[in-house]
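Numbered per full-length UniProt numbering, the sequence shown spans residues 1 to 490.
No residue lacks a Cβ here, since even glycine has one placed at the ideal position from N, Cα and C.
Keep in mind it's a predicted model, so treat the numbers as computed, not measured.
Worksheet: the structure to be examined is printed underneath.
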Amino acid sequence: MPMAAAGMTPAAADAVEELTRLYRELPPRPAVEEVEAAAAVLASADAEEEARLAEIAREEALARARPVEEGVPAELSAVLAEARRNAVRLRALQQRKEAAHVVELEKRFKVFDDLIQRASRVVSGEEGGSGGDGRDGAATHEVVEVEAKRKEAAVAAAAVEIDRGSKGGLGLESTAVSALRRAGSADSDLQKLSLIQVASLIESSAKKGTTELNLRGKLVDQIEWLPVSLGKLQDVTELDISENRIMALPSTVGSLRYLTKLDLHSNQLINLPDTFGELSSLIDLDLHSNQLKTLPTSFGNLTNLLRLDFNQLKALPEAIGKLEKLEILTLHYNRIKGLPTTIGSLSRLRELDVSFNEVEMIPENICFATSLVKLNVSRNFADLRALPRSIGNLEMLEELDISSNQIHVLPDSFRLLSKLRVFHADETPLEVPPKEVIKLGAQEVVNYMAEMVASRGVSQKGADGRSFWVWLCSLFGCCKKDQGVGSVPS
């Protein structure tokens, strides 16, 4: 046997053999990616715990500042705050568990590495003093062979996992990541990824230069945030983290400078980090079905952004006007009360949807968004009572929906919407023009408004009523004398 080297006593040989046996019996050593991932998870968990505890402290301070008659009793408030802190710590402890285990494993392996090196030096010293035959470091050599076989087996197992993953629709590139293991029977559904598995995937993807990463609906429900190592994905251009339960993104997300498409819909995002505005290459962003209430001011830095879909917002920042290339802005099902005046700066905006909100007024300078083709301001119900007087400046407008609002009169400039082909005003109590006109179609509404404005002159009284009959008669040619039709009623 290799350990029974010349000049080594039987007792020493037995000691080295036992050392090698102990090493063989160790559990699999974590891969480098796993160790790096575990470290990232622990750092993220610490940062997340600190941030949530700070938020609880702020809420507690606000509660103490409220008058007793308006707030919760002090003792009950203190109990609630402590319960929240305890819940945060327990959640953080659970999230650290797997990562801490990996880190501890690596620490123990490093201890064994050191012990093997020490044993090797002892053996080498004995052989050198006894005229050994060149078998220095026998113990180390044996352990290296054991470790090589262990790693070879791990790589083979990972390859099988990756092959199965690609067939199951993981959306990942081939890579030897031993952390991506699947539990259960072979015919069971694909197991969702734990936090440390996500972190391992990020590490391996970063090293491989992955350009597309799809994690749609693939994270376990307990994952509420992503590790800070997300910022290592320097080469990623498309990232899909939709349909999970993410509540926060790390500030390092701003490092993804080549990211062009980001899908975060159907999560539980409450806010976005200030660094979000550093995603300078972003073109397509989907944030709908989250719990966002505000956007960071840095949002205006995303000048290449072409599409936005999001929900639960109460307001848009004025910086939205800096989105020079924005083409589609969808804001339906929010609680927005008004649009920023900078909306008129969106010179390339083609579609704007602010339906199902609480919009009370549309700013006049929307008339500067002259590329608008579709405008939906429907179902703001009792809040929206008028369209901007300058709406006629939107010369490219083809579709307009003002249904379920409290608008009674269309502005005079409506007559200038020569390209309007779709107009909806269902359940809106319009008086000018009357319902009979609206039923005839968009261009007839435009013509009616043009006739009404043109007919104004001698007497303002009754002008609206006369203009309707003038328009109606001109429509059917019933005012021609050769048809024997009488004059328009006054």
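By the C-beta criterion, the segment 252-259 is judged not to be in contact with the segment 214-221, since fewer than 3 inter-stretch pairs fall below 8 Å. Leaving aside the five residues that flank residue 370 on each side, the residues in its chain whose CB is nearer than 8 Å to its CB run, in chain order, 347, 393, 394, 395, 396. Residue 333 and residue 312 have their C-alpha atoms spaced approximately 7 Å apart. A straight line joining the alpha-carbon of residue 110 with that of residue 103 spans about 11 Å. Taking C-beta separations shorter than 8 Å and ignoring five residues to either side along the sequence, the partners of residue 293 in its chain run 270, 271, 312, 313, 314, following chain order. Residue 256 places its beta carbon 9 Å or farther from that of residue 287. In this structure, the straight-line span from the alpha carbon of residue 295 to that of residue 330 is close to 15 Å.
Checking the DSSP bridge columns, you'll see residue 310 partnered with 287. Your pair residue 401 and residue 376 checks out as a contact, with CB atoms roughly 5 Å apart and the cut at 8 Å. The residue among 335, 342, 226 with its C-alpha nearest the C-alpha of residue 358 is 335. The three-state secondary structure of residue 330, taken from DSSP, is strand.
Of the residues assessed, residue 66 falls on the exposed side of the cut-off, its CB having fewer than 16 other CB atoms within 10 angstroms. DSSP, read as helix, strand or coil, puts residue 193 in strand. Per DSSP, reduced to three states, the secondary structure at residue 243 is coil, with no helix or strand assignment. Taking the Cα positions, residue 239 is about 5 Å away from residue 262. Residue pairing by DSSP places residue 361 opposite 338 in a beta bridge.
DSSP, reduced to helix, strand and coil, places residue 376 within a strand of the structure shown. In summary, residue 22 is exposed, with fewer than 16 beta-carbon neighbours lying within 10 Å of its beta-carbon over all protein chains present. When secondary structure is reduced to three states using DSSP, residue 214 falls in the strand class. The beta-carbon distance between residue 274 and residue 242, rounded to whole angstroms, is 22 Å. This is too long to meet the 8 Å contact definition. If you check the CB distance, residue 33 and residue 204 come in under 9 Å. A check of alpha carbon separations from residue 342 across 356, 351, 305, 367 identifies 367 as the nearest. If you compare the alpha carbons of 93, 289, 425, 455 with that of residue 43, the shortest gap goes to 93. For the 9 Å CB-CB criterion, residue 301 and residue 277 form a contact. For the pair residue 118 and residue 226, the Cα-to-Cα distance works out to about 41 Å. Relative to residue 47, the option among 63, 11, 88 whose CA is nearest is 88. Assignment of residue 351 by DSSP, reduced to helix, strand and coil, places it in the strand class. Within the model, the alpha-carbon separation for residue 62 versus residue 443 is close to 56 Å.
A residue is called buried once 16 or more other Cβ atoms fall within 10 Å of its Cβ, and residue 99 is buried on that count.
If you look at residue 16, you'll find it in the alpha helix (DSSP H) that goes 10-24. Residue burial is scored here from C-beta neighbours: residue 353 has at least 16 other C-beta atoms within 10 angstroms and is therefore classed as buried. Distance from the Cα of residue 427 is smallest, within the candidate group 406, 411, 437, for 406. Comparing alpha-carbon positions, the option among 245, 305, 303, 279 lying closest to residue 289 turns out to be 245.
Shown here, residue 50 sits in a helix according to DSSP, grouped into three states. In this structure, 26 is the residue among 56, 26, 101 with its C-alpha nearest to the C-alpha of residue 113.
Residue environment: residue 9 is assigned as exposed (fewer than 16 neighbouring CB atoms within 10 Å of its CB, all protein chains considered).
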